[in-house]
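Q: Going by our numbering, the first residue of the sequence shown is number 32, and it counts up by one from there.
Positions of the beta carbon are idealized from the N, C-alpha and C atoms, including for glycine.
This structure is a prediction, so every number in the text was calculated from the model and none was measured.
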Amino acid sequence: MTKIILITNDDGIHSSGLAALKSALTPLGRVITVAPDRDNSAISHALTMDRPLRIQQVETDTYCVNGTPTDCVALGLNKILEAKPDLLVSGINLGPNLGDDISYSGTVSAAIEGTMYSIPSMAVSAAGREPYDFARAEKIIRTLSLKVMDYGLPANTLMNINVPNIAHLEGIKVTRQGRRLWKQPVQEIADPRGRTFYWIGGGTPLLDGGRGTDVEAINNNYISVTPIHLDLTNHEGISFFKEDLGIEDLENI
Ligand code: MN
C-alpha cells in the first residue's frame, strides 16, 4: 500500500524548506502538500474563524490556502485527503524551533493539529541562518519518517526535530524542551517622521541550554529530536493546588 504523507509549513507555499521536505518524502509515498499562501511564522496554533478560506490547487497533490498552518491541516484532513494520512510532516522551517519558542511556532502547531487527529506528526526546523543546505535534513527526515511510520509515536506526542544548518554534525540526541528567553525582545525604532514604533523579534536569544535540552544539543552541533506532549498539565501542580492552595476546600465560592 502506498503511504500517504501530508506536508505543510508556516513559511508559506513558496518556501525552499517546503520544497526540500517534499523532495525528502517523495521516495516514501504519495506526498500531498497543503500550505499557507504566505509566511505565517509565529502564528502559533491559530485557526481562522472570521473570514472564508479558499483552497487553490497549484499542481497535482499541491494546494495552497489563504489561512494558517492549522487551517491547512484541518482543510487537508477534512476536505482534501480522501483517507487519513500515514504521516504528517511540517517544515522545513527556516530557523530553529527550540525551548519556549515552540509555543509561538506555526510549524510545531501544524504538527500539534495532526497529533490531535491521532496522525503521527513531525515538525522539522533548520537551526541556523541562510544560506540553508537541506541535504542533511532531508536524509534525517527520510530516516525518521520511516521509523515513525513503522512504530508510530506515543499517544498525544509529536516529534520536534531541529537540524543544525552546518556542514559538520556531531550526531543526534533525544532531548527535552529547554528554555529560550530573549534579551530585548521588543525593538524600539523611529520611523522616517521621527515617531516611535515597535518591532517584536530581532533581539538576542539567551539560550538556557540545561543538560539534555534541545538548546544544548543544537549549541553542541547535534540534531535534536524532542518528544512534545500535548498535555500541558503540570501533574505535580495538582497536589499543590489541592493541598497547599486548598482550592477544593474553598467555601462560599
Ligand atoms: Mn517559519
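Within the present structure, is the beta-carbon of T138 separated from the nearest heavy atom of the ligand MN by less than 7 Å?
A: yes
Q: By Cβ distance below 6 Å, which residues in the same chain neighbour E317 in space, the five residues on each side in sequence not counted?
A: Past the boundaries of the shown model lies residue 317; the chain is included only from 32 to 284, so the question cannot be answered.
Q: Here's a check: name, in chain order, each residue in its chain whose Cβ is nearer than 8 Å to the Cβ of Y253, leaving out the five neighbours to either side.
A: P195, L200, E201, G202, I203, K204
Q: Tell me the rounded alpha-carbon separation between Q163 and I197.
A: The identity of residue 163 in the sequence shown is Tyr, whereas the question assumes Gln. Rounded to the nearest angstrom, the two C-alpha atoms are 9 Å apart.
Q: Who are the near neighbours of I111 in its chain, counting only those whose CB is closer than 8 Å to its CB and skipping five residues on each side?
A: I63, V65, I86, Y94
Q: Is the beta carbon of I259 closer than 8 Å to that of R191?
A: The amino acid at residue 191 is misidentified as Arg; the sequence shows Asn. Cβ distance < 8 Å, so N191 and I259 count as in contact.
Q: Which residues in the same chain as L28 place their Cβ atom closer than 8 Å to its Cβ, once the five residues preceding and following it in sequence are excluded?
A: Here the chain comprises residues numbered 32 to 284, so residue 28 is not present and cannot be evaluated.
Q: Following a CB-centred definition, is N124 positioned closer than 7 Å to any heavy atom of the ligand MN?
A: N124 Cβ: within cutoff of the ligand MN.
Q: With distance defined between alpha-carbon atoms, name the residue in R69, G122, K53 nearest to T91.
A: Selected option, being the one with the closest Cα: K53.
Q: Is it buried or exposed, D81, if we count other Cβ atoms within 10 angstroms and call 16 or more buried?
A: exposed
Q: Do G137 and S72 have their CB atoms nearer than 8 Å?
A: Taking a C-beta distance under 8 Å as the contact criterion, G137 and S72 qualify as a contact pair.
Q: Below 8 Å between beta carbons: does that hold for S121 and P100?
A: If you check the CB distance, S121 and P100 come in under 8 Å.
Q: Does the separation of the CB atoms of I44 and P67 fall below 8 Å?
A: yes
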